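If you count by full-length UniProt numbering, then the sequence shown holds residues 1 to 516, one letter each, in order.
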Amino acid sequence: MSKSLKNYPSPMEVIDDYGADALRLYLINSPVVRAEPLRFKKEGVFGVVKDVFLPWYNAYRFLVQNAKRLEVEGFAPFCPINHATVEKSSNVLDQWINSATQSLVYFVQQEMNGYRLYTVVPYLLKFLDNLTNIYVRFNRKRLKGRTGEEDCRMALSTLFNVLLVSCKVMAPLTPFFTEVLYQNMRKVLNESEESIHFCSFPQAEGKRDERIEQSVTRMMTIIDLARNIRERHNKPLKTPLREMVIVHPDADFLDDIAGKLREYVLEELNVRSLVPCNDTLKYASLRAEPDFSVLGKRLGKSMGVVAKEVVRDFKRPNGTTEKEIDANGDGDVLVILDLRPDESLFEAGIAREIVNRIQKLRKKAALEPTDMVEAYFDSLDQDKSVSQRVLHSQEQYIRDAIGLPLLPSSVMPSDALVVAEESFHGISGMSFVISLARPALVFNSDAILPLYSGNAESVRCLQTYLLSRDHATLKSEFQAGNGKITVDCIENIPPVDLVLGEHVFLCVGDFRTKSQ
Numbered sequence: 001m002s003k004s005l006k007n008y009p010s011p012m013e014v015i016d017d018y019g020a021d022a023l024r025l026y027l028i029n030s031p032v033v034r035a036e037p038l039r040f041k042k043e044g045v046f047g048v049v050k051d052v053f054l055p056w057y058n059a060y061r062f063l064v065q066n067a068k069r070l071e072v073e074g075f076a077p078f079c080p081i082n083h084a085t086v087e088k089s090s091n092v093l094d095q096w097i098n099s100a101t102q103s104l105v106y107f108v109q110q111e112m113n114g115y116r117l118y119t120v121v122p123y124l125l126k127f128l129d130n131l132t133n134i135y136v137r138f139n140r141k142r143l144k145g146r147t148g149e150e151d152c153r154m155a156l157s158t159l160f161n162v163l164l165v166s167c168k169v170m171a172p173l174t175p176f177f178t179e180v181l182y183q184n185m186r187k188v189l190n191e192s193e194e195s196i197h198f199c200s201f202p203q204a205e206g207k208r209d210e211r212i213e214q215s216v217t218r219m220m221t222i223i224d225l226a227r228n229i230r231e232r233h234n235k236p237l238k239t240p241l242r243e244m245v246i247v248h249p250d251a252d253f254l255d256d257i258a259g260k261l262r263e264y265v266l267e268e269l270n271v272r273s274l275v276p277c278n279d280t281l282k283y284a285s286l287r288a289e290p291d292f293s294v295l296g297k298r299l300g301k302s303m304g305v306v307a308k309e310v311v312r313d314f315k316r317p318n319g320t321t322e323k324e325i326d327a328n329g330d331g332d333v334l335v336i337l338d339l340r341p342d343e344s345l346f347e348a349g350i351a352r353e354i355v356n357r358i359q360k361l362r363k364k365a366a367l368e369p370t371d372m373v374e375a376y377f378d379s380l381d382q383d384k385s386v387s388q389r390v391l392h393s394q395e396q397y398i399r400d401a402i403g404l405p406l407l408p409s410s411v412m413p414s415d416a417l418v419v420a421e422e423s424f425h426g427i428s429g430m431s432f433v434i435s436l437a438r439p440a441l442v443f444n445s446d447a448i449l450p451l452y453s454g455n456a457e458s459v460r461c462l463q464t465y466l467l468s469r470d471h472a473t474l475k476s477e478f479q480a481g482n483g484k485i486t487v488d489c490i491e492n493i494p495p496v497d498l499v500l501g502e503h504v505f506l507c508v509g510d511f512r513t514k515s516q
């Protein structure tokens, strides 16, 4: 860079565009800290924002969104569980990320003591990748409360602790970004320093669990190998498969994959069952092949009489083809997938497609995770039997995936506020419309009528009044009254006590669930 030629971007311009922390981290990760030359590129600073700060912030935002969701759903405000309890979590991925966090603290401390700042960023990149693409991704159900309040609070507390520690570790290198995150996170702490820069540097207190770290690394290898098989056969992850076999000689590794990590593998790969196998000869044949490039240099003319390297070939079951059963391996573990379709897998695949379209429609409508809407489905096919069969057989899966039942459009109230609607065609041979609507009150007129001694006009006035109320406020009043409110403000109409789930329902889904 030449000051006279000004063949470099203005430092203030770089800071204004990407922030001082990004520029600092870019330089720390460059040859400059080793007193070596650097060809400065503004794009490199943007790369730090994209690869470090965005994933880091997304993990933090996911924590905040789901902590707020607890209150929206009527639970006690989020308060992180104490560190000692979090460290004893029985969840394998909680144990893994806690171990990885201890490794991060130890590594950064060692490298900073040795003045090797340039090694910190690559390690941090790997840690953040593991945090966002493994811990957060694989624990979405827990973090969103789908596995119960207690498990949700444990997962949120684990994520909170990991983010807090990572902020303290990186505060000397990214002082502004970590301060912003810390100032919001400290609001739920009983005691905290006024600034992250007043906090002591974390100490590696817990022990690394090398077995869990290795098992999770191998799990990701298995997932990558299985994805490659799917890609070869044009089988997207939305298409469920019947079975996968994991072949590995290490019994401890198979115990982890078939035990603690089993559900994570099956859900991520969308496979029904997992079969562990430590007998490599059952699915692989052995043959000897010379490694000519190595043996030729070392042995010369004697190469013909040397021992040969053992390699494995996948031994496909008799009567099956590559399109039905295929395998992939890396020399350590062998993954076998059963690619044969059946009717139940076809229906499960359509259900995944429907859920995917609902989630994309939510995003398109700029809805926050805490924004509650009801989803309605309307088939555009002449033969509606397929869609009816799918919605019936996959009802529970769809409910678990979107948090609410998928409702037929025929039951949508006329006063429902539709926030998004879209038609989809040729989705696994089906065409349909998905509508997202704000929750609408549903009244049980038969139960309300006796409250007014059979006066239908009074019932109509009550319904008109309640429909004019803000839905969120009404929900809060029912929660405060333990599911009951008193309506005594309608002129010339006697006061009545309304019970939630008996006289009135806050959404169509609740009403249909009670009616079934």
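Every residue gets a Cβ at the ideal spot worked out from N, C-alpha and C, and that includes glycine.
Note that the structure is predicted; figures quoted are calculated from it, not measured.
In the three-state scheme derived from DSSP, where H, G and I count as helix and E and B as strand, residue 470 is classed as coil. In the DSSP annotation of this structure, the continuous segment of the alpha helix (DSSP H) that includes residue 230 starts and ends at 210-232. Under DSSP, residue 138 shares a beta bridge with no residue. Measuring C-alpha to C-alpha distances from residue 465 to each of 481, 364, 265 and 504 identifies 504 as the nearest. Shown here, residue 259 sits in coil according to DSSP, grouped into three states, outside any helix or strand. With respect to residue 258, residue 274 sits close: the two C-beta atoms are nearer than 8 Å.
Here DSSP, grouped into helix, strand and coil, assigns residue 333 to coil.
The stretch 397-428 is shown to contain whole beta strand (DSSP E) runs of 3 or more residues at 418-427, in chain order. Shown here, residue 374 sits in a strand according to DSSP, grouped into three states. Secondary structure note for residue 489: it is in no beta strand (DSSP E), with a DSSP letter that is neither H nor E. Sequence-distant Cβ neighbours of residue 242 in its own chain, meaning closer than 6 Å and more than five residues away, are 272 and 338.
Residue pairing by DSSP places residue 243 opposite 273 and 338 in a beta bridge. As summarised for the stretch 92-173, the continuous alpha helix (DSSP H) elements at least 4 residues long and confined to that stretch are 92-113, 120-130, 140-143 and 149-170, given in chain order. In the DSSP annotation of this structure, the continuous segment of the alpha helix (DSSP H) that includes residue 511 starts and ends at 508-515.
In this structure residue 420 touches residue 364 by the C-beta definition: roughly 6 Å separates them, less than 8 Å.
Annotation for residue 372: 439 place their beta carbon closer than 7 Å to its own, counting only its chain and skipping 5 residues before and after.
When secondary structure is reduced to three states using DSSP, residue 344 falls in the helix class. In this structure, the straight-line span from the alpha carbon of residue 486 to that of residue 149 is close to 30 Å. Contact annotation: the stretch 107-119 does not touch the stretch 42-59, with fewer than three C-beta pairs closer than 8 Å. Your pair residue 158 and residue 228 does not check out as a contact, with CB atoms roughly 31 Å apart and the cut at 8 Å.
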